[in-house]
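K.L.:
Residue 349 in the numbering used here is what sits at position 262 of the sequence shown, and the numbering runs on without skipping anything. Note that the Cβ used here is the ideal one computed from N, Cα and C, for glycine as well. Remember, it's a predicted structure, so these values are computed and weren't measured experimentally.
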Amino acid sequence: MEDAEWECTVEAPVNIALVKYWGKRDSELILPYNDSVSLTLDEEKLGTRTTVRYSASYEEDSLVLNGKPTVISSRLSNVIEEIRRAFRKQAVRIKMNAQDLMSMSRYRFRIETNNKMPTAAGLASSASGMACITFALCTALGITESVDMSELARLGSGSACRSIHGGLVQWEAGKEEDGSDSLAKQIYPASTWPELKFIVLVVDGEKKKVGSTEGMQRSMATSEYMLLRPKQCKDRIQEVCWAFQAKLFPALAEVIIKDSNTLHAICRDSYPPVNYLTRTSEALIDFVHRLNEALGDVCVAYTFDAGPNCFVIFEEKHESLLMWLLLHTFIENDVIDPTIHRQPKWDDDEL
Ligand code: PMV
C-alpha cells in the first residue's frame, strides 16, 4: 500500500468573463473587489488536461507544465495545502480508518498539466489550468462532492473559480474576510441559449508583458475609475442575467462590449498605464461596430481579457456571414491564427 501509485486524468474548460473581475480586496486569498459573470466554453480546443500521479512513496509534490518541469508557485502550493486540509476534515467527518488516513495524508502529487492554447496570453489559460489541477487533486483524494471546488480553485487564480461550473456563472465578491462566501455559482445552464457561439481570434499568442496581478495592483492603486466598479458590475450582471434568460442578443452584447471597454479604459487610466490591446485588436473592435451598423442591429459582440486576443460572440444564424467577413478582412492579412476559432458545443454538465 505504501509504495502504490495511482493516477487520474481530468479536463477543465476556459471561461470568458462578460462582466470582468479586475482588482483584489485581498491578494493572499484572492478575494475580488467586484462581482463578475462569465460563460464557460467547452474544453475541446480551449482548456486544460491534467494528469495527477500520487503515492505516499514520492518525496515531494512536483509540476510539469506544458512538458516543462516547473517550480510550484506559492499560489499553487496554497491550493495543494488547502486541498490536503479539506481532505483531512472530510476524513475525520466520515471517520476514515486511521491507517488509510495516515497513508493518504502522506500522498505527494506529480502533476502534469497541458494547456490546449497559448499560456498567459489573455486566453484564460490560468482559469482552466487552476480549475483543472484543483479538480484532479480533489478527484485523487475523493473529495469532489464534499468541498466547494470553486473556493479552492480561486486560491490559485481568481477567474479559475468560475471554470468549475458550466453555463452562465457568477462569482460573488463576498464580504467575509476568510473568503468563505467568495464562491462561483451557476446562474443558468448553457442549454438556456444553445445558439450562442464564440470564436477566439488569436492576435498574439505570446505571453503578455504586464500580468493580470500586476495590472490589477496598478489599477487598484491609481485609477479612480475603479471606485465605480462594485456597483457598475452588480448592475451589469443583472442585465446580463436578464438578457441571457430572455435570449436577447442586442441587450447582452451591449453590456459585454461596454464592460470590455471599461476594463481597458481602467487599464489605460492606471499609472503607469497598461495597454493590452494592439492595433489589430482595435481594428477588430471597429470591424464589429461597423458590421453591426451595416446589419442595422447588434448581432456581434467582442470582449478582451488582459491581452490582445479577441473573443467574438454571436448567434449561430450569423456564423457563416461573420466567418466569411473575418476570413476576408483579417485572416488573409495573416494576422490571426484561424486554427483556434471554434464553435463550442456548450455542455451543461458540471465538471
Ligand atoms: O484570474 P486572473 O488573475 O487571470 O485574472 C483574470 C482577469 C480577467 O481575465 C481580465 C477578467 C476575468 O474576469 O476573467
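Per DSSP, what kind of secondary structure is N348 in: helix, strand or coil?
P.N.:
Of the three classes helix, strand and coil, the one that applies to N348 here is helix, per DSSP.
K.L.:
For my contact list, R305 and Y358 are in at a C-beta cut-off of 8 Å; report their separation, rounded to the angstrom.
P.N.:
Sure, about 7 Å apart at Cβ, within 8 Å.
K.L.:
According to DSSP, is G253 helix, strand or coil?
P.N.:
It is coil, neither helix nor strand.
K.L.:
Quick one: grab the DSSP three-state call for Y120.
P.N.:
Y120 falls in the coil class under three-state DSSP.
K.L.:
From C95 to F222, what does the alpha carbon distance come to, in whole angstroms?
P.N.:
So the alpha carbons of these two residues sit roughly 10 Å apart.
K.L.:
If contact is defined by three or more beta carbon pairs under 8 Å, each pair taking one atom from either stretch, is the region 139 to 153 in contact with the region 330 to 339?
P.N.:
Not touching, per the Cβ criterion.
K.L.:
Can you confirm whether the region 155 to 174 touches the region 236 to 246 when touching is taken to mean that 3 or more C-beta pairs between the two stretches lie within less than 8 Å?
P.N.:
Because the criterion of three Cβ pairs below 8 Å is met, the region 236 to 246 and the region 155 to 174 touch.
K.L.:
Check each candidate in H415, E264, T135 and V179 and name the one with the smallest Cα separation from D77.
P.N.:
The shown model of the chain, from 88 to 438, leaves out residue 77, and the question about it has no answer.
K.L.:
Given this structure, state the Cα-to-Cα distance separating C320 from L105, to the nearest angstrom.
P.N.:
So the two alpha carbons sit approximately 10 Å from each other.
K.L.:
Can you find the residues in the same chain that come closer than 6 Å, C-beta to C-beta, to H428, ignoring five residues on each side of it along the sequence?
P.N.:
Note that H428 has pLDDT 49, beneath the 50 cutoff, so the model's placement of it is unreliable and the number below is only indicative. Around H428: I286.
K.L.:
On the criterion of 16 or more Cβ atoms from any shown chain inside 10 Å, does W411 qualify as buried, or is it exposed?
P.N.:
Counting Cβ neighbours within 10 Å, W411 comes out exposed, since fewer than 16 surround it.
K.L.:
Could you tell me whether the region 247 to 258 touches the region 118 to 130, where touching means 3 or more Cβ pairs closer than 8 Å?
P.N.:
Flag = yes, the region 247 to 258 and the region 118 to 130 touch.
K.L.:
Let me check you understand the geometry: is the CB of S123 closer than 7 Å to at least one non-hydrogen atom of the ligand PMV?
P.N.:
S123 Cβ: within cutoff of the ligand PMV.
K.L.:
Assuming G245 contacts P119 under a Cβ cut-off of 8 Å, what Cβ separation, rounded to an integer in Å, is found between them?
P.N.:
Between P119 and G245 the Cβ distance is about 6 Å, and since that is below 8 Å, they are a contact.
K.L.:
Measuring CB to CB, does V361 end up less than 8 Å from V342?
P.N.:
Result no, Cβ atoms of V361 and V342 do not sit closer than 8 Å.
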